[in-house]
Amino acid sequence: NEGEPYKHFQFGSGENHLQLLPPSSNRVEIMFRYSGDQSMMQLLLMTDALRRQGANEIDLFIPYFPGARQDRVCNLGEPLSAKVYADLINQQHYRQVTVFDPHSDVVVALLNKVRVIKNHQFIKDVVAELGSDLILISPDAGSNKKIFELASQLGGLEVVRADKLRDVRNGAIIGTEVFCEDLSGKTALIVDDICAGGRTFIELAKKMKDKNCKKIVLAVSHYEGSA
Numbered sequence: 002n003e004g005e006p007y008k009h010f011q012f013g014s015g016e017n018h019l020q021l022l023p024p025s026s027n028r029v030e031i032m033f034r035y036s037g038d039q040s041m042m043q044l045l046l047m048t049d050a051l052r053r054q055g056a057n058e059i060d061l062f063i064p065y066f067p068g069a070r071q072d073r074v075c076n077l078g079e080p081l082s083a084k085v086y087a088d089l090i091n092q093q094h095y096r097q098v099t100v101f102d103p104h105s106d107v108v109v110a111l112l113n114k115v116r117v118i119k120n121h122q123f124i125k126d127v128v129a130e131l132g133s134d135l136i137l138i139s140p141d142a143g144s145n146k147k148i149f150e151l152a153s154q155l156g157g158l159e160v161v162r163a164d165k166l167r168d169v170r171n172g173a174i175i176g177t178e179v180f181c182e183d184l185s186g187k188t189a190l191i192v193d194d195i196c197a198g199g200r201t202f203i204e205l206a207k208k209m210k211d212k213n214c215k216k217i218v219l220a221v222s223h224y225e226g227s228a
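So the sequence shown is numbered by this note's numbering: it starts at 2 and just counts up by one.
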């Protein structure tokens, strides 16, 4: 309708199309929620449309970065997906790209002009609601560096390490281990960046219950399919 700031539709053959009103300033911030590869195409079209309307400084806030879990090639014939998405973003020459709690340092290294918001304040708020006898659980070896840094920010909370064994051919979890003897009376806070189907955390919770954990809480920065 006339006066709408943003119109979007798809042609019958599948192409996206959009139309924007002129921005009120030459500096614009896009808050982008990834919701599938169609949304990536919409972002690229929006960026082009904004530039054609006079926006010459565009900041992108993309909390969940797509392809973040595919930050290495495990099997012959696979793409390095994180780099493919990062290249698309870099080609837009945003003034700044902000991501929230990225999966690994690989994503950060691949992006130009990137700013990282860590999950520290988010977890501080969670910890404040949980009370005493609290421990942090690092769900796998890849999380250890981030969890120990987080524990330091939280005043030296105890960290219990865990690990999982995956079949790299299909991603299936074939084993879980928690590296401690007993968790009696403890509230365990599992912290991770992404939850997909939740299988990792279900198997981990079973192991912690076997070790007499009093309460188990999960805090994740991104749920698959949402920002």
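Cβ atoms here follow ideal geometry from the backbone N, Cα and C, with glycine treated the same way.
In terms of residues, what are the limits of the alpha helix (DSSP H) holding residue i?
{"i": "residue 1", "result": "Nothing in the structure corresponds to residue 1, since the chain is present only between 2 and 228."}
{"i": "residue 159", "result": "It is not in any alpha helix (DSSP H) - residue 159 carries neither H nor E in the DSSP assignment."}
Can you tell me the Cβ-Cβ gap for residue i and residue j, rounded? I've got them flagged as a contact below 8 angstroms.
{"i": "residue 43", "j": "residue 21", "result": "So it is not a contact: roughly 12 angstroms between Cβ atoms."}
{"i": "residue 221", "j": "residue 193", "result": "5 angstroms"}
{"i": "residue 70", "j": "residue 195", "result": "7 angstroms"}
{"i": "residue 45", "j": "residue 19", "result": "11 angstroms between Cβ atoms; not a contact."}
{"i": "residue 124", "j": "residue 166", "result": "Contact doesn't hold; Cβ gap of about 26 angstroms is too wide."}
{"i": "residue 91", "j": "residue 112", "result": "7 angstroms"}
{"i": "residue 107", "j": "residue 83", "result": "6 angstroms"}
Return the first residue and the last residue of the beta strand (DSSP E) that residue i is part of.
{"i": "residue 62", "result": "58-62"}
{"i": "residue 176", "result": "174-179"}
{"i": "residue 28", "result": "28-32"}
{"i": "residue 19", "result": "17-21"}
{"i": "residue 65", "result": "Unbroken run through residue 65: none, as it is neither H nor E."}
{"i": "residue 12", "result": "Note, residue 12: premise wrong, no beta strand (DSSP E); not H, not E."}
Around the Cβ of residue i, are there at least 16 other Cβ atoms within 10 angstroms (buried) or fewer (exposed)?
{"i": "residue 103", "result": "buried"}
{"i": "residue 3", "result": "Per-residue confidence for residue 3 stands at a pLDDT of 46, beneath the threshold of 50, marking its modelled position as unreliable; the derived number appears in the next sentence. By the 10 Å Cβ count, residue 3 comes out exposed."}
{"i": "residue 29", "result": "buried"}
{"i": "residue 163", "result": "buried"}
{"i": "residue 203", "result": "exposed"}
{"i": "residue 66", "result": "buried"}
{"i": "residue 223", "result": "buried"}
{"i": "residue 210", "result": "exposed"}
{"i": "residue 77", "result": "exposed"}
{"i": "residue 35", "result": "buried"}
Any chance the CB of residue i is under 7 angstroms from a heavy atom of the ligand PLP?
{"i": "residue 37", "result": "Looking at this structure, you won't find the ligand PLP or any other ligand, since it has none at all."}
Inset, instruction - For the stretch 78-156, list the alpha helix (DSSP H) runs that are entirely contained and at least 4 residues long, ordered along the chain. - result: Listed in chain order, they are 82-91, 106-111, 121-131 and 145-154.
Inset, instruction - Can you check the stretch 186-221 for any alpha helix (DSSP H) of at least 4 residues that lies completely inside it and give the ranges in chain order? - result: Within the stretch 186-221, the complete alpha helix (DSSP H) runs of at least 4 residues are 200-211.
Legend entry - Any 3 or more C-beta pairs closer than 8 angstroms across the stretch 143-157 and the stretch 167-186: Flag = no, the stretch 143-157 and the stretch 167-186 do not touch.
Inset, instruction - Say whether the stretch 108-122 touches the stretch 135-145, bearing in mind that this needs 3 or more beta-carbon pairs closer than 8 angstroms, one atom from each stretch. - result: No contact exists between the stretch 108-122 and the stretch 135-145.
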